[in-house]
Amino acid sequence: MKIATWNVNSLSVRLPQVLDWLQAQSPDVLALQETKLTDERFPHAELLNAGYHSVCLGQPTYNGVALLSRAPLDDVQRNIPGFDDDQARVIAATAGDARIINTYFPNGQAPDSDKFAYKMRWLDALQSWLAEELTRHPKLVLLGDFNIAPEDRDVYDPIAWAGQIHCTPQERAHFRQLLGLGLVDAFRAFEQPAKSWTWWDYRNLAFRRNQGLRIDHILVSEGLRDSLQSCVIDKAPRKNERPSDHAPVIAVV
DNA sequence: ATGACTCCCAGTGGGAGA
């Protein structure tokens, strides 16, 4: 199964690119974040025409997640059970025998902000729920925009970013705690080029200078670890004329 | 350098992203 994640920064703007990419890559599952679409505006018909079933959780202007799949999606869960959240950040579903959990982690803005406190509460809720999900679903994939650069090698300038948002000890501890639940960072399961990023700022010619962060991730459960075949970042869409600031990550399990 | 770019909803500006 080929499974991918892509923060598209507005599906309205990026739908033509997403359709092109689906045709070029033909993933079995694609998890989208920052669709920035209400559910009534979600392009189910266009995606079905391209061969993909879709489920979504949206809101106006901000956030929004969706799962696209060649196979029908069952047992759809929207947001974290028991965690009262007015932001659309999680959609989970079962595709074949795999549980797919698509997440758009809160940004957190700055370590001393209310948004950071919300990120920490959200992460606590995610951890508790995932621990349960893993008991129910031995074959589980957690993927999306984590807004966490797990290690210094995931940051183009670790000194400048030390203690900054995405790189704080608290965020990195949460990432390690996810691995502690029995999840494997698919990208790091393979030898990778140095300076591999999934996000580059729109400003400062950051993509041309390859100044970025690796904050989009695919984590797989122990039950899928042995079948993990590859994990790569596809930089090609970041070279489009009007790109998202994130590139897709693709894993084959 | 509280910048830079892009998106959205707005409504000729401002919040949010990372």
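Take 18 as the starting number for the first sequence in our numbering and just add one per residue. No residue lacks a Cβ here, since even glycine has one placed at the ideal position from N, Cα and C.
Check: Residues sharing a beta bridge with W216, DSSP; Outcome: L230, H263
Check: Among R259, P186, A206, I267, the one whose alpha carbon lies nearest that of T215; Outcome: I267
Check: Given 8 Å, three or more beta-carbon pairs between the region 75 to 86 and the region 32 to 49; Outcome: yes
Check: Residue from K252, F207, Q126, G113 with nearest C-alpha to C184; Outcome: Q126
Check: Three-state secondary structure assigned by DSSP to R99; Outcome: According to the sequence provided, residue 99 is Gly. The question's Arg does not apply to it. Note: G99 maps to coil in three-state DSSP.
Check: DSSP three-state assignment for K252, whether helix, strand or coil; Outcome: coil
Check: Those residues which DSSP pairs with W23 across a bridge; Outcome: L49
Check: Local Cβ density within 10 Å of K256, reported as buried at 16 or more and exposed below that; Outcome: exposed
Check: Collapsed DSSP secondary structure at L245 in the structure displayed; Outcome: coil
Check: Nearest candidate by alpha-carbon position, reference N119, set L222, G99, Q34, G75; Outcome: G75
Check: Of the residues G240, A88, D233, P260, the one placed nearest C248, counting alpha carbons only; Outcome: D233
Check: Completely contained alpha helix (DSSP H) runs for the region 168 to 221, where each covers 4 or more residues; Outcome: 175 to 178, 186 to 197
Check: Neighbourhood of H61 by C-beta distance below 7 Å, restricted to the same chain and skipping five residues each side; Outcome: S71
Check: Identified DSSP bridge partners for I118; Outcome: A109, L159
Check: CA-to-CA distance, N24 to P254, given in whole angstroms; Outcome: 11 Å
Check: Option nearest L151 by Cα separation, candidates G180, F163, A115; Outcome: A115
Check: Close-in-space but distant-in-sequence residues of the same chain around K19 (CB under 8 Å, 5 per side omitted); Outcome: Q42, S43, P44, D45, V46, I267, A268, V269
Check: Whether D55 touches G161 by CB criterion (7 Å); Outcome: Before going further, note that residue 55 is Thr rather than Asp in the sequence given. No, they are not a contact pair.
Check: Best match in L245, A179, Q144, F100 for proximity to F286 [C-alpha to C-alpha]; Outcome: Nothing in the structure corresponds to residue 286, since the chain is present only between 18 and 270.
Check: Beta-bridge partners of S238, as assigned by DSSP; Outcome: L200
Check: Proximity winner among P175, D202, D251, relative to E239 (alpha-carbon distances); Outcome: D202
Check: For Q104, three-class secondary structure by DSSP; Outcome: coil
Check: Residue from D169, R242, W178, L236 with nearest C-alpha to K212; Outcome: D169
Check: One or two residues paired with S71 in a DSSP bridge; Outcome: L85
Check: Opposing strand residues paired with D91 [DSSP bridges]; Outcome: T111
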